């Protein structure tokens, strides 16, 4: 599992994981302020419990941001052509978020080697929280 190399990437290649966390309530407060998303579901325990949740939970876009960092780690700055994700389960304070991915297709287009990947985040118990796909454009050295 390494950063992707245009010369050697193949279907089935696993991307080098990126680990974040454990997520803290302070992380959620800082992210709420930085992102401009003051939804109290993420920062106010009582509000979240009154809404039927056991407590506050992480912003989905926080984990999506981790996936973005993960993709840059895998393909390099400027490599992301497409990136989408679906929020499958909530991420809770205390969760360690691991970003993972696997190459599903490789093809050439001009000077680029295009790499399709399935991507996801999972917690320390292996529960997938975000699932999605990305298209990375790697520079082919021979092109």
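In this note's numbering, the protein residues as written are 54 to 196.
Beta carbons: idealized from backbone N, C-alpha and C, even for Gly.
What you are looking at is a predicted structure, and each value in this text was computed from that prediction instead of being measured.
For residue 149, which residues from the same chain have a beta carbon less than 7 Å from its beta carbon, with the 5 sequence-adjacent residues on both sides left out? 72, 74, 75, 176, 177
Please classify residue 130 as buried or exposed, where buried requires at least 16 neighbouring CB atoms within 10 angstroms. exposed
I'd like the span of the beta strand (DSSP E) that includes residue 175, first residue to last. 165-175
Measuring CB to CB, does residue 159 end up less than 8 Å from residue 77? no
Apart from the five residues just before and just after residue 155, which ones in its own chain have a Cβ nearer than 6 Å to its Cβ? 67, 171
To which residues of the same chain is residue 194 closer than 7 Å at the C-beta, ignoring the five residues directly before and after it? 59, 60
Under a Cβ-count criterion, where at least 16 other Cβ atoms within 10 Å of its own Cβ denotes burial, should residue 153 be classed as buried or exposed? buried
Tell me the residue span of the beta strand (DSSP E) that contains residue 161. 150-162
Confirm, please, whether the CB-CB distance from residue 143 to residue 187 is below 8 Å. no
For residue 190, count neighbouring Cβ atoms within 10 angstroms of its own Cβ and tell me buried if that reaches 16, exposed if not. buried
Going by the CB atoms, is the gap between residue 120 and residue 183 shorter than 8 Å? yes
Ranges of the alpha helix (DSSP H) found wholly within the region 61-143, counting only runs of at least 4: 78-88, 98-103, 113-128
Mind reading off the beta-carbon distance from residue 113 to residue 140? Whole number of angstroms is fine, and I expect it under 8 Å. 4 Å
For residue 192, does the count of other Cβ atoms within 10 angstroms reach 16, so buried, or fall short, so exposed? exposed
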